[in-house]
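Chains as they are written, first to last, in the working numbering: chain A, 1 to 222; chain B, 1001 to 1222.
Backbone N, C-alpha and C fix where the C-beta goes; we use that ideal spot for every residue, glycine too.
Okay, structure first, notes after.
Number of protein chains: 2
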Amino acid sequence: IIRTEKLGKVYDNGYRTCALAEVDLEIEPYTFSCIMGPSGHGKSTLLHLLGGLDRPSSGDVYINGANLAGMTSDQLADFRNRTVGFVFQFFNLIPVLSVLENVQIASMLAGMPDREQKERAVRLLESLGLAEKAVARPNQLSGGQRQRVAVARALINDPDILMMDEPTGNLDSTSESELLDLICSLHGKGKTILVVTHSETVAARSQRIIRIRDGRIVSAEI
Amino acid sequence: IIRTEKLGKVYDNGYRTCALAEVDLEIEPYTFSCIMGPSGHGKSTLLHLLGGLDRPSSGDVYINGANLAGMTSDQLADFRNRTVGFVFQFFNLIPVLSVLENVQIASMLAGMPDREQKERAVRLLESLGLAEKAVARPNQLSGGQRQRVAVARALINDPDILMMDEPTGNLDSTSESELLDLICSLHGKGKTILVVTHSETVAARSQRIIRIRDGRIVSAEI
Ligand SMILES: Nc1ncnc2c1ncn2[C@@H]1O[C@H](COP(=O)(O)OP(=O)(O)OP(=O)(O)O)[C@@H](O)[C@H]1O
Ligand SMILES: Nc1ncnc2c1ncn2[C@@H]1O[C@H](COP(=O)(O)OP(=O)(O)OP(=O)(O)O)[C@@H](O)[C@H]1O
Ligand SMILES: [Mg+2]
Ligand SMILES: [Mg+2]
Chain A
1 IIRTEKLGKV YDNGYRTCAL AEVDLEIEPY TFSCIMGPSG HGKSTLLHLL GGLDRPSSGD
61 VYINGANLAG MTSDQLADFR NRTVGFVFQF FNLIPVLSVL ENVQIASMLA GMPDREQKER
121 AVRLLESLGL AEKAVARPNQ LSGGQRQRVA VARALINDPD ILMMDEPTGN LDSTSESELL
181 DLICSLHGKG KTILVVTHSE TVAARSQRII RIRDGRIVSA EI
Chain B
1001 IIRTEKLGKV YDNGYRTCAL AEVDLEIEPY TFSCIMGPSG HGKSTLLHLL GGLDRPSSGD
1061 VYINGANLAG MTSDQLADFR NRTVGFVFQF FNLIPVLSVL ENVQIASMLA GMPDREQKER
1121 AVRLLESLGL AEKAVARPNQ LSGGQRQRVA VARALINDPD ILMMDEPTGN LDSTSESELL
1181 DLICSLHGKG KTILVVTHSE TVAARSQRII RIRDGRIVSA EI
C-alpha cells in the first residue's frame, strides 16, 4: 500500500544535510509497523515524505500504486486530509483555535457536514480523556494533553492510513497504554499503521520494526 | 534546599483549573529526585513554580531559606539564570538564533565573558553530540536534537540546581542513556537535580520518586 523507490532527502540551508538516502521500503496494507532509530537519523523526515507533507530530493513515493509526485494539488490535498491521518512529533496545533476546533478543522477540510464534525470530535476527545478541555486553547494544556489532541485530529476523518510521529513521547505509562490500546483496536478495524517511536512498549505491540540509521534502513524485523 | 508550604496553583482563563493544591515538599541538597505522575496532573506546573518561572496562587516556595515571593526582580532573575538550570518540556528555543547562540544567550544573561561563553557552549554541544549543528536554526533540527540543545542551555552557567521537564521524551534509548550518564555525573559533582519524567529508565537512576496525582503529592518513595 505504501512503497518507496530509492527515496532520498537532502536539506540545503547554506550547508547540506543528507537526511535520507536510497530508502526502498514496502508497507503491506493492514499492517502495524514501527520505525525506530537514533535521534536525528531521518525518521521524521521519512514519515513526512510518506505522508506527502514534503517532497523528496530523489526517488519516489507510491501510495496504492500512485506516485505522489504525479498527483494534482487537489489529489494530494485529498490524500493528506482523508487517506492519511498524521500525528506530528510536535503536534502542530493551531494556537488561536480551541481544542475542539483544532480537531474539527481536519474534518472541515475533508468536507464533513458541520454537525457530524462536532459529534465525532467530541466523541474522540472523550475517548482520549479530554472532554473537559474542549474549549481550552492549546497553550492551556499540558504536554501530554496536547499530544492527545493531535491524535484526535488525525483520527477524525477515519483515515485508512495512520502515520504517527512519536505519539507517546509525553505520556505516562498508563496514558501510553491506553493510547496503544486505541491504536491496536484501529489496527483491528483494518487500518494501516506506521508509528515512529522510541518506546519499546509501542514497538512490542507492532508487527514489524523498521530500523533507520544515518538516513538508511538497516533492518526490517517482524 | 528547596521547600514548599501549602503550594497551590489555579489557572483562571474564564474557567477555573486547579492544577496544584496544598503541596508540601522538601528537597534535600545534592539529591537526585524524579517527579512522576499521569499526564495533566500538575508536574510541569510544580516545576515552573519551583524554578520561579511562575507565581503560586497560594502558598510559598523557599530556596535556600529565601521566599521567592519576597525577592526583588533582580534577585529572581539571578536565581533563574544562575542558580537554576531549567529544561522546558517543549524546549523554548529562540527560532531566530542559531543553536550556538541559543546556548550562549543563557550565559550572556548571567554575565559570563564573551569568549568563555563560546568555549563553554561549544564544549557542551560536543558532549551532547551536536557539534556539527552549531550554526543550524532550531527548526532545522530533529526533535531529539532540539531537546539536547535545551539541555546544553540549562547547563552552561554550571548551576547548583537542575530542573528538567521530561528531558528524554524525544530520545532513543541510547541517547537517553547517554544523557542520563551526564545527569548522574553532574549529580556526582554536587548538583541538586529534579527531573519530571515518564521514563522508568530515568526514575531507576534517581534517589527518590515524588508521585503527583490530581495536583497533590501522593507519595515520595526513596
Ligand atoms: N528543515 C531542515 N533543514 C536542515 N536539516 C534538517 C531539517 N529537518 C531535519 N534536518 C536534519 O535532518 C536529519 C534528520 O532529521 P529527522 O527530524 O528526520 O530525525 P529523527 O530521526 O526524526 O530524530 P528524532 O528522533 O530526534 O526526532 C537531522 O540531522 C536534522 O538535523
Ligand atoms: N496556562 C494554563 N491555563 C489553564 N490551564 C492550564 C494552563 N497550564 C496548564 N493547565 C492545566 O493544568 C493542569 C496541569 O498541567 P501540567 O502541565 O502541570 O501537567 P503535567 O503533569 O505536566 O502533564 P504532562 O505529563 O502531560 O506534561 C492540566 O489540566 C492543564 O490543562
Ligand atoms: Mg523526529
Ligand atoms: Mg508537563
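Taking 9 angstroms as the cut-off between beta carbons, the residues of the region 160 to 186 of chain A near chain B are D165, E166, T168, G169, N170, L171, D172, S173, T174, S175 and E176, in sequence order. Not flagged as an interface residue toward chain A: B/A1154, since no C-beta distance is shorter than 9 angstroms. Under DSSP, the beta-bridge partners assigned to B/G1008 are B/S1058. Under a 10 Å Cβ-count criterion, B/Q1104 is classified as buried, with 16 or more other Cβ atoms of the shown protein chains found around its own Cβ.
Within its own chain, the residues whose Cβ lies closer than 6 angstroms to the Cβ of A/R148, once the five positions on either side in sequence are excluded, are L128 and L130, listed in chain order. The residue among B/I1212, B/D1074, B/V1087 and B/S1177 with its C-alpha nearest the C-alpha of B/A1110 is B/D1074.
Looking at the backbone, the Cα of B/V1122 and that of B/A1134 are separated by about 8 angstroms. Per DSSP, the unbroken beta strand (DSSP E) holding A/L194 starts and ends at T192 to V196.
Around the beta carbon of A/G169, a 10 Å sphere encloses 16 or more other beta carbons of the protein chains shown; the residue is thus reported as buried. Between ligand 3 and A/K9, a heavy atom-to-CB distance of less than 8 angstroms is absent. Of all residues in the region 7 to 18 of chain A, only Y11, N13, G14, Y15 and T17 place a beta-carbon less than 9 angstroms from a beta-carbon of chain B. Distance from the C-beta of A/N170 to the nearest heavy atom of ligand 4 is below 8 angstroms.
Exclusion of the five residues before and after B/P1095 leaves R1137, P1138 and N1139 as the residues of its chain whose Cβ lies within less than 7 angstroms of its Cβ. At least one heavy atom of ligand 2 falls within 8 angstroms of the beta-carbon of B/T1045. A Cβ-Cβ contact shorter than 9 angstroms links B/L1007 with B/G1059. The three-state secondary structure of B/G1188, taken from DSSP, is helix.
The DSSP-derived three-state label of B/L1025 is strand. Collapsing the DSSP output to three states places B/T1168 in coil.
Remark: the C-beta of A/Q145 is outside contact range of ligand 3, defined as less than 8 angstroms to any heavy atom. B/N1092 sits in coil when the DSSP states are folded into three classes, being neither helix nor strand. Ranked by Cα distance from A/T201, the options B/C1034, B/S1173 and B/P1038 are led by B/S1173. C-alpha of A/K191 to C-alpha of B/I1210: approximately 39 angstroms in a straight line. With a 10 Å radius around the Cβ and a threshold of 16 neighbouring Cβ atoms, B/Q1117 comes out buried. Here B/E1005 has D1024, G1059 and D1060 as same chain residues with Cβ atoms under 7 angstroms from its own Cβ, once five neighbours each way along the sequence are excluded.
Residue contact check for A/K43 against chain B: a CB pair falls below 9 angstroms. Boundaries around A/M108 are those of the alpha helix (DSSP H), V99 to L109, since no beta strand (DSSP E) includes it. Not one heavy atom of ligand 1 sits closer than 8 angstroms to the Cβ of A/S58. Between B/I1002 and B/I1161, the C-beta spacing is below 9 angstroms. The beta carbon of B/E1200 falls within 9 angstroms of a beta carbon belonging to chain A, placing the residue at that interface.
Taking 9 angstroms as the CB threshold, B/Q1117 stays off the interface with chain A. Contact between the region 150 to 157 of chain A and the region 1010 to 1024 of chain B is not established, with fewer than three Cβ pairs separated by less than 8 angstroms.
Leaving aside the five residues that flank B/E1101 on each side, the residues in its chain whose CB is nearer than 8 angstroms to its CB run, in chain order, I1094.
For B/F1090, the chain A residues whose Cβ falls inside 8 angstroms of its Cβ are F90 and G143, in order along the chain.
The nearest non-hydrogen atom of ligand 2 is 8 angstroms or more from the C-beta of A/T201.
For the pair B/I1217 and B/T1072, the Cα-to-Cα distance works out to about 30 angstroms. With its beta carbon less than 9 angstroms from one in chain A, B/G1040 belongs to the interface.
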